[in-house]
Structure formats: C-alpha cells, structure tokens
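Participant: From first to last, the protein sequence lines stand for chains A and B. Here my numbering is used: the first residue of the first sequence is 500, the next is one more, and so on. Here my numbering is used: the first residue of the second sequence is 105, the next is one more, and so on. Note that the Cβ used here is the ideal one computed from N, Cα and C, for glycine as well.
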Amino acid sequence: MPKSQHLDPKILRAKSKITFTDIPVNQYDKTIEEEKGNFSNKDFMRIFRDMAIIREFETMLNSIKTTNEYNGVEYNHPGPAHLSIGQEASSVGQAYLLDKDDFIFGSHRSHGEILAKGLSAIEKLTDKELMEVMEEYFDGQILRIVEKMGKHDTVKELAMDFLLYGILAENFARKTGFQRGLGGSMHLFFLPFGSYPNNAIVGGSADISVGAALFKKVNSKKGIVIANIGDASLACGPVWEGIAFATMDQFKKLWEGDKQGGLKLIINFFNNQYGMGGQTNGETMGYKMLARFGAGVNPEQMHSERVDGYNPLAVIDAIKRKKKILDENNGPVLLDTLTYRVSGHSPSDASSYRTKEEVEAWQDNDSLIEYRLNLIKAGVAVSDDFDTMLASVKERMTKIMKMAIDYDISPRMDLVKEPDSISKYMFSNTKVEKMEDRPVDVLQPLKENEQVIRNSRKVRTATLNGKPVPKLKQFQYRDAIFEAIINRFYEDPTLIAYGEENRDWGGAFAVYRGLTEALPYHRLFNSPIAEAAIVGSAVGYAMSGGRVLVELMYCDFLGRAGDEVFNQMAKWQAMSAGKLKMPVVLRVSVGSKYGAQHSQDWTALAAHIPGLKCVFPATPYDAKGLMNTALTGTDPVIFFESQRLYDTPELFNEAGVPEEYYEIEIGEPDIKRVGSDVTILTIGATLYRAIEAAKELEEKHGLSSEIIDARTIVPFNYEKVLESVKKTGRIVIVGDACERGSHMKDMAQNISEMAFDDLDAPPVVVGAKNWITPAYELENSFFPQPSWIIDAIHEKILPLEGYVSTSNYTEREQLRLNKLGV
Amino acid sequence: MAIPVIMPRQGQSVESCIVTKWHKEVGEKVVVGDVLFSYETDKASFEEEATVEGTMLVKFYEEWDDVPCLINVCVIGNEGESTSEFDQRDADEVVEEDTASKDTNKEVTTEEVIISSGSDKVSPRAKNLASKLNIDISKAQATGPNGRVIERDILKLKELGIYATSAALSSGEKLQTSGTGIGGRMAVDDIGAVTTQVTGVELPSELGYRDEKIPNIRKMISKAMSNSLQTTSQVTLTASFDATEIVALRKKLKASDIEVNVTLNDMIIFAVSRVLKNHAALNAHFLGDTMRYFDHVHMGIAVDTERGLLVPTVFNADIRSLVSVAAAVKEVAIQAKEGIINPDLLSGASFTITNLGTFGIESFTPVLNPPQTGILGVNTITQRVKEIDGELVTYPSMGLSLTFDHGALDGAPAARFLQELNKALENFTILLMQ
C-alpha cells in the first residue's frame, strides 16, 4: 500500500473495458534453408545429436523397466522412470541458447531437460572450465570413474560421458550419482551446468523458480530462469501463486534503479497433453489452449505464446525472442510449448486413456524423423550420417549403463558401514555471516534509523532500580527480533525479507517498524497473500545462493504453504547431498484471541518433518539470540513467535537484553527457574503460565518447581531436562498446542524412555484441548492455565494434600476423551 | 595365582544366596577341602569347600549378605596378590550399606503412623530409592495416583526409621481421613490410605531387644504364607475318626521284622494318597483360569527344621506301598532337617500334609500352599467316648483339619473327601488290601 500510488475513484469507477492482444500460436514457419544463416551444419547436427541422446537415454530406461535389459545388458531398476519420449525437440530447443548462468528447474519428467541443458552448457564452456567443474564436483570422484571408461578424444566428449553417467548413476541410486543417490530420477540436477532441481511435486518448481529469478534480480546476477512444469500443473494453487508473485506490479512500478523491471523468468509449460491419465485439453482443464492463460494475468499478457515443441528450431526461435523481452526487463513470460508424451506416464501406464491411433499419429510426426528428413532435404547431411550418429549414441549409452550398474564402480551408500551417510546431510550446520561479500544496499546508516534510535532509549530490563519499567520504555520481544534482523540486513547484502504487510505497515505485529526507512524495495517488500509462493520463492532464493527471511502472519496459514515448507524447504539440502544450502528463516506467528483459524500452535507439524530446525523463543533475550543464530546459519529455520509475547520485557536474564550482538545455540533449552521437586518443561508462551503455577505450588503446597524453557524444538538437547528429572523425578510438559499428537507428547515419550528409572510418575502433558480454538472470551477453557498444571500434578504425579482440582485430569477422563476423539 | 570363589547356583530358580558363616578369616591358610563358608538358599543350606590351596586374600561379603549367584565371594591365592579385579560388587552396593546403617540408627520421638496399603504399584524412582535405602516397599503407604507408591512414601519410611513402622502399626490410634478427589470428594484411593498423627506417646528409655537379620528362608516363608492367604479363599473343615485300627496296626508293624518305622503319620499319608484319587479337585493346582489335575499324588510333607518350615515332596505316593511311603518320607525329612535337600524336591507337590498332632494340637487351620487346592492337618489323638450297644466305651479319636481353596472347589466335595478318608482310616486293613 505505497502512499505514492493514489487510488483515484474517478478513474477506477470510470466506464471502460479490457482489451486483449492476440496470442501467437505456432507462428514459426521457417525452413532449414531459411535458417542456414543462424545455424551452421554442425549446429544443425548437434541439435539432432542431443535429441538422439535424450531419446536413447529414455529408451534405455524404458527397456530396463519393461524387459530388465538394454542392448544385451541386464539390470533390474525398481525406482521411478517418468520418460519423455516424444518431447526431445522441446527440451533441446529450449536449452540451445542457454548457458550455465541460465537456470532451469524441472518436474518429475525432466531427464531430457537436464541432458539438453547439460549438453548445451558443455558446448559453451571452455575445456578449462569443464575440467574445473568435473574436478571440483565431489572432489573429482565422478570424473575419475568416467576417465576409466577409456580415452576421450576431447574434453567435451569426456564431459558428455560425465553428464550421462552422473545422471544415470543418480537414477540408479548410486553414491556416485550427481546427488549421491539421494535425489533419484525425480530430483535430478547439476548446478554447475545451470540445471536446478527437478521436482517430484507437480508444479513444485513454479514458485521456487520465481525465487531464483528474484535472486538474480536482487543480486544483479546474469542469466534467466526457466520453470519447466507440465500442462496439468496449471491447476495447482502454488503455480497460480507463483505466477501472481512473479507478475507483481511493484517490480516495474516501485522497485528502483537497476532493480526496476520484470523478473527474468519464463514459466514454461511443456504441454504434453496429459496429466497422468487426464487429458488437459478437453477434459481436466478448460483453456483449450494453455497459452490463453497468460492473457488474464497482467496487461502484458505475460507475452504468452504457444510454440511448436515438435520443431526444435521453433523452440529456439521462441526462446531467443523471449530472452530479449526478459533482457529488456519486461518479463516474466509464459510459454506454452506444445509437445506430446509418446511414452506413458510411467512404464506401467497402459495408456488406457488414449487411442493407439493418436499415439501413432504423433509418432508419424516424430521430431527425430521429421527434423532428420528436413536436414537431408536441405543437404545438411546424408542419411548415413544420422545412422552413424545413432549407432554411436547407442554404443555410448551401453557403455555408460555398464558403468552405472557395476557395484564396484558405482556402489550404493553403505548405511551399515557409514550409518550417518544420510543423516549428515539433513542439516548443513554451517555459519555464514554473509552469503556474499559486498556492500549492503541500505537507505540510511543504521544509527540514523528511527526505530534503532527509539530502541536505544528503551530500558533493556524489566525493572529499573527495583521498579517496573513502564510499558512504553521497555525493550520488548518485538524489539529484540527487530534488532537481530536489522543487524543482519546491514551485514549480509543478499538478505531480503518479504511477506504480507512487511513494508510500510511494518508487519502485522510491528516487528518491522522502522525497516521500511532503512531498506530499499528490493530488500523488503510486500508479497501477495500467497503463502505457498512466499515460502516457495524463498526456497528458490536460498537455493540460488541468497539468505531470506519470510513470514507467515499466522501459524494457521502453514497449511497454505504445506508443500513448500514440508517438501521443499525441508528436503533439498539432503536431496542434493549437501550441494544446496537453505538459509531461509520462516517467521511464524502463533496467535491467540482470533478463534479457530487464527490461534493454533502447529509446532508439531513442522517438528515432524525431517530437515527443519524449529525454534520458539519466549523471552526477548532468547528471541534476539536465536534470531541472530538463525540468520547466520545455512539451514531452514521455522522461527515460531507468540503473539502473546510481542510486548513482553526481559524478565529472566538479569542483565536484560544486551545491546551487542550475541548468539544462542539452536537446540539448547534453558532453565528459567531452579527448583527441586517438580520439573515443568514449557514450549513458547506457556513459560509465563508455568511461572505462575510454580509460585502457587511453592506458596500453597511447599513444592519447588524447576522450569525449563525448551526454546528450541528441533534439534533438542535433552541433557538438561534429564538432569532436572533426575533431581525432581517428576515432569510436566506444557505448551499451547492441542495436546493430541503435539510435540509435547514426543518429548514426554523421549523423557519416559531416557529417564524411566528416575521417574516417580509418568511425564504428563498439559496442552490445549483437542477442540477448535474458541473465542478470546472462552480461551481460558481451551489453552493451558496455571491451575491446569497444578491439577495435572495433583492427579497424575503427586497428590497434594487438601488440594481441590478445577479441571479433570483423571485417567478416566483421559480414557473418555480419547474414546470420543476430543 | 589368585583364584576367585563364586557363589554357586543351587537349582535353576535360585538367584542369590545368603552367606551364613565364614569358616576362614582373611590371611588364613586354606587347603583343598576346607570349608570356606556356609550359605543358604531360601530352602536349604550348603557349604562351599576350597578347590585350591592358598591364603584367603579377601572376602567381598560379610555374613548375612545376600550374594547373587555366580558372583565372586572371596579370593584365594598367594599373599600380596591383587584381588580388586575380582570385586564384582557395583559401587552403589558398597555405598548402600553406609546409608542403610545410618538410617536405622535414627532416633524417632514423634512418629507418624503408616498404615501399609500393600500396593503393588511402585514408581521406578520409588523402587530405586527403596532398594538404595534398604527399605521394604511393602511397608510403604501409597500416596501416589492410583495407589502408586511414589518417592515420598519411601522417604516417609526413611524419616520414620524402617523399624519404627511395625511398632507404630499396632498402636491402634484412630485413623484420620480426608478426601483427595475432585472437589474434596472421597476417592476410592482414599480408602485404605490413611495416616494418623500420634504425638506425645511416652516411650520407656530402655526397651531391651536385639535385632537379628531375618534369614532368607524366613523371608520366603513369610512371603509364601501371606501370599497364600491373600490370593486364595481358604476354608478349613475339621473331623475326627476312630484310630483304633491304625493304632493297633502300628503296634503290629513295630513288633514285626520290617526295619522301617511306620508311623501313624505315614499311614495317614498312605490313606490320603489313595483316597485323593477319587477326589481330583483336591489333587490339583488351581491356576486361575485352568485347573491342573494330576495323574498321581505328589505328597508335600511339612517338616519342621531349625531353619524353619520346609515342605519336601514324596512323588507318586499313590503307587508306593505303605513301607515305601514311610521310607521315602523319612528320607526327605532327614535331608530337609540337615539342610542338604535338593531344592528341586522342595516343589512340585499336588497336596500337602502337615502334622502338629505330636505337639498335642487338637485342631488348627493349615495354610494352603498355592496353587495346591488342599492341605490336610493331622491332629493329636484324644480319648473319646461312643455308645456301643447301650454302653459308653472309650476309643482313640484322631482329628483331621482339611483346608481347601473354596475358589477351586465347593465345601461339599471337600467334606466328601474328608468323610471318605475317615472311613478309609477306620478300615485301614481293607485299604491295604486294595
């Protein structure tokens, strides 16, 4: 809501109409003869060669999947194989002009795309550069294997074998694959050639590629980004969200200087007509032609166009024209690359949804035949030349396959001998102060920032000279988070932050108050209300090498970004065998007061997913320290904050919140109150209710409580907790999450197992009810109260003399509630 | 070379033994065959002889220590040799003794009476603490949820001093009650979990007593007895029979050439082993959801020994002759008394006979030996009168007390057994001929 843009009712209410311009469909009609000025004979033949390599690669996999053999070599491959036979011209045409600085992102059906992209990059890189790439990748481990295949005439020939071997070994889950076998067919890529992750989630690459394009723009990097997704993915919400995000007006209207202008991004649909067995044109979608979709997105209609993907030269022509649009900062572009998947969805697909005639009709149009005939007709080569080339491709493929299936040359990970082979990739656990070393783009010196000045006048402790500090003078939780964030903005030039209401408003909870004045648009901006795209683009931004801080205004919106948080942000570090880093901090505000869809603590959802670090500080001191750590790490961190706490001063650290920089290790709980009779382990804001309970337990029942604030959920060091339980023998775990399936239950189970012999009673969980969160006025019956903690102790751990419970913590009630599922 | 001596395992079910006496002191010379120490299981006593020559270098346990089987008890070797590597006691065990002795010395002036709630639920922490402090968990009053003994219940015993409890138990003070349920309502758990404050009870300055460690065997008997009474529904029937015939027969046997001394008790054992065959429910084990009926009668014989009550078994008594029964009973009784009985002979009985008649006992209630369903107590002979042809004549009357598990069988079938047994004993000669 920038004030600079006036929304004039006179204009907005005026009578008018929307007009569209024509969307080109298969307009390319040049002959080989006409293209001879643009391509040498060698170029023409190289295009054919690349198509032939892809065809043979996919044919090999199809043969292995359906007959357990290829060209006389036996192998059983149980893994997936989503093949793209029929689509070769489209991927080779797309990659032809791209170099290593242009990124492509793929789908589950992208072997062809990464082969084409790799072959194109090999063509453009110098021998020296190629050797460096191969020597550096896993310290030359794959290169050494490929070198054993015999002498290569040229470095490019060597690099081609390197590419084919790396991809095939990865398909076969070998340690010598490009992702050490941790990615596999659907998650393949090779960064040095500009090939970014394929994605097994339909449309998964759409919003991630938006983030990559964002990275290029914000950090002034060379190259364009292409999201290769299928026609069926156009129905996926995150794809729409990614497109909405990518076409935000602000890029052209509000961003300034060299950052102004559209994203250099092509959302390319390899329109092969089917989404599994659903026919997109005529059955499962209504667009008739996919390219139509661009018309409604923005006035530029996303420069949408349908191009004939069965003609490689048509695709090259399209990419050439679209690249120009991007270079002129007029992107992004939507491309409908028409193609046809002759192979089934997978080798087990019986193609019951289409006729044999249809498949045969497309085979009659086979680009490898048509293009070859055209080249012969134009005198580029004779038929024998093609046959020789095809035979050599088959020979190469057989050689590669033999290497890739040989267990001595291409072993799998040995999880018995090296049990941490996978676990070591779950987190990168590195500390990087700045992702790039260059000056930061800021609008003012840090000291001149109004909020920084305001904060400097605040009192950093809760009391001063024995008196409580007045609210407005307190340095509070939100100030602590702000302080850590603005500090990192002035250190790491790649750091950007966005989400809903981040700029101008300063965030729904005023954490970013003052940031707008300090940062240019391209480092702090408002996103559309598109949680999937917010997180998905952050994943792409981080994958490309930047650090990013995004937020979900309410924890309840986590579901809206489910795939992006659970499958993308969490998984890519491990699926890339450590080749990708994921320095994303996702701030998630846990609400209260606003009912069933705005007041849920979903920490357990995030904690359940391997690969995410989850923190939940409850005090200003911890919030600043943990945010500092999160923002210098390279792992994805879900940073839970409680809306109950934004205006809380520091009550525990006697020295208050230090002005200087400090970090708190992620994973270490903190003892907030020392006691001897019962341990209360709290998650998030329940710390303060536990403190109240502890007071009553002390005063009325003579029980001394030790309170441990978990601070972090994943990872979590139990040592302090176990030490405490050893002393007290009793533990209650408290949090605002609905008790069933909560992370508190997980903690209780771990404590039961590890402290069993020290326990005087089972660990007891005091969480919220398994209901909807009711209105604010009824919340005391829903969220854990101090009295509930005491009730639970009385009923389940240590009956207190003369105590009368107010809530029902008996086992009978527990049985009843579980029976009812409430 | 130093050689450790382990605590042998006597029988499959034996986990530990008590060292009852050391026969060699540290530093004393030992030759092969010397008795090193005496020890006992819950059922029998043994002596451990040296199998090597040398000097007693170290003893890891004191008399009356409970030693796990197969653990090193002492080391024999040449003087000056190291023995610490043979010490298998864990550190806790060594510390425990100190703690325990300190606690038992504690003086108690004001005491809170604990009524044991006999709970079998114990928190792991409470269990560990009790074992560390040498406190008997069964004495604890469970104050935890669901009648669970928790740490504070053990600490309470510690505070009171372990031995103060039983005395306090008998003080007969009124019990104070208070509900712990929601809203102060009386909960089920409140019943039977009551504490009483007894203040100002004057104690004589000198009570005059001595504490002796209770031997394993006593502990076992105590456990078995209370277990029996807690887990079965015992009913005792008493009847008597005319012993004229068996008394006369015994006289004849005594005067005969038969070497074995056949006692009245043997005759009763013989008769019972025959009559039981017609009363399967009493020659059985009651196993909760199943009854195990035995093909033969395996007679448990209660034997009074110096160490306490032992019940060796005479297997297949129903197919032995009277003389064979008498000989077998004698043999196992002697072995039991001497403490050399094979522990495996101390179980497996299908019915038990106990005899207090020799002490002049006229009637008593024998305690069942679960899962057996019956035990017969044999009483003394008294002179009774009966009317024969209008005249009062005296006759020797012998009492029999049958305790049976009413859970396993009803009163009438039990009475029928007793009736048939009495008849068989009164007509013992006929029984012998069968």
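(1) So, at 7 Å on beta carbons, what are the nonlocal neighbours of residue 105 of chain B in its own chain, with the 5 sequence-adjacent residues on each side left out?
(2) Mind checking the region 1252-1282 of chain A against chain B and listing, in chain order, the residues whose C-beta falls within less than 7 Å of any C-beta there?
(3) Kindly list, in the order they appear in chain B, the residues whose Cβ is closer than 8 Å to that of residue 1295 of chain A.
(4) Among the residues of its own chain, which have a CB less than 6 Å from the CB of residue 779 of chain A, if the five just before and after it don't count?
(5) The alpha helix (DSSP H) spanning residue 1287 of chain A covers which residue range?
(6) For residue 382 of chain B, which of helix, strand or coil comes out of DSSP?
(7) Alpha carbon to alpha carbon, what distance is there between residue 319 of chain B and residue 178 of chain B?
(8) Helix, strand or coil for residue 1021 of chain A per DSSP?
(9) Starting from residue 467 of chain A, trace the beta strand (DSSP E) in both directions and tell me its first and last residue.
(10) Report back the beta-carbon spacing between residue 233 of chain B and residue 255 of chain B to the nearest angstrom; my notes put them in contact at under 8 Å.
(11) What is the DSSP secondary structure of residue 996 of chain A, counted as helix, strand or coil?
(12) Kindly identify the DSSP beta-bridge partner or partners of residue 774 of chain A.
(13) Considering only the beta carbon of each residue, do residue 1281 of chain A and residue 1270 of chain A sit closer than 8 Å?
(14) In the region 910-961 of chain A, which residue ranges form an unbroken alpha helix (DSSP H) of at least 4 residues, counting only runs that do not cross its ends?
(15) By DSSP's criteria, residue 102 of chain B is part of a beta bridge. Which residues make up the other side?
(16) Measuring straight from C-alpha to C-alpha, what distance separates residue 158 of chain B and residue 128 of chain B?
(17) Measure the C-alpha to C-alpha separation of residue 824 of chain A and residue 718 of chain A and round it to an integer number of angstroms.
(18) Who are the neighbours of residue 230 of chain B on chain A, taking C-beta pairs under 9 Å?
(19) Residue 362 of chain B by DSSP, collapsed to three states: which one?
(20) Assign residue 767 of chain A to one of three DSSP states: helix, strand, or coil.
(21) How many angstroms separate the CA atom of residue 656 of chain A from the CA atom of residue 692 of chain A?
(22) At a CB distance below 8 Å, what residues from the region 107-135 of chain B approach chain A? Give them in sequence order.
(23) In three-state DSSP terms, what is residue 1002 of chain A?
(24) DSSP state of residue 976 of chain A, grouped into three classes?
(25) Per DSSP, residue 1138 of chain A forms a beta bridge with which residues?
(26) Give every residue of the same chain whose Cβ lies closer than 6 Å to the Cβ of residue 211 of chain B, excluding the five residues on either side of it in the sequence, and list them in chain order.
(27) May I ask which residues mark the beginning and end of the alpha helix (DSSP H) holding residue 633 of chain A?
(28) Taking 8 Å as the threshold, find out whether the region 779-791 of chain A comes into contact with the region 828-848 of chain A through three or more Cβ pairs.
(29) For chain B, check one thing: does any of its Cβ atoms lie closer than 8 Å to the Cβ of residue 1298 of chain A?
(30) Could you give the distance in angstroms between the alpha-carbon of residue 194 of chain B and the alpha-carbon of residue 1164 of chain A?
(31) Which residues does DSSP list as the beta-bridge partners of residue 1237 of chain A?
(32) When DSSP labels each residue in this structure, what does residue 883 of chain A get in the three-state scheme?
(33) State the CB to CB distance for the pair residue 832 of chain A and residue 527 of chain A, rounded to an integer number of angstroms; the pair is presumed to be in contact (CB under 8 Å).
(34) Taking the Cβ atom as the reference point for each residue, do residue 1150 of chain A and residue 1118 of chain A lie within a distance shorter than 8 Å?
(35) Going residue by residue through the region 148-192 of chain B, where are the continuous beta strand (DSSP E) segments of at least 3 residues, counting only ones entirely within it?
(36) Please classify residue 1139 of chain A as buried or exposed, where buried requires at least 16 neighbouring CB atoms within 10 angstroms.
Facilitator: Checking against the coordinates, here is how it stands:
(1) 181
(2) 1255, 1256, 1257, 1258, 1259 and 1260
(3) 249
(4) 730 and 731
(5) 1285-1291
(6) helix
(7) 21 Å
(8) helix
(9) Nothing can be reported for residue 467 of chain A: it is not among the residues displayed for chain A, which extend from 500 to 1321.
(10) 6 Å
(11) strand
(12) A:777
(13) yes
(14) 949-955
(15) Beyond the ends of chain B as shown, which are 105 and 538, falls residue 102 of chain B; an answer cannot be given.
(16) 12 Å
(17) 20 Å
(18) 1228 and 1259
(19) coil
(20) strand
(21) 15 Å
(22) none
(23) coil
(24) helix
(25) A:1086 and A:1114
(26) The predicted model places residue 211 of chain B with a pLDDT of 43, which falls under 50 and marks its position as unreliable; any figure quoted below should be read in that light. For residue 211 of chain B, where only same-chain residues beyond five positions count, there are no Cβ hits under 6 Å.
(27) 626-635
(28) yes
(29) yes
(30) 38 Å
(31) A:1267
(32) helix
(33) Not really, about 16 Å apart at Cβ, beyond 8 Å.
(34) yes
(35) 149-153, 158-163, 170-172 and 176-181
(36) buried
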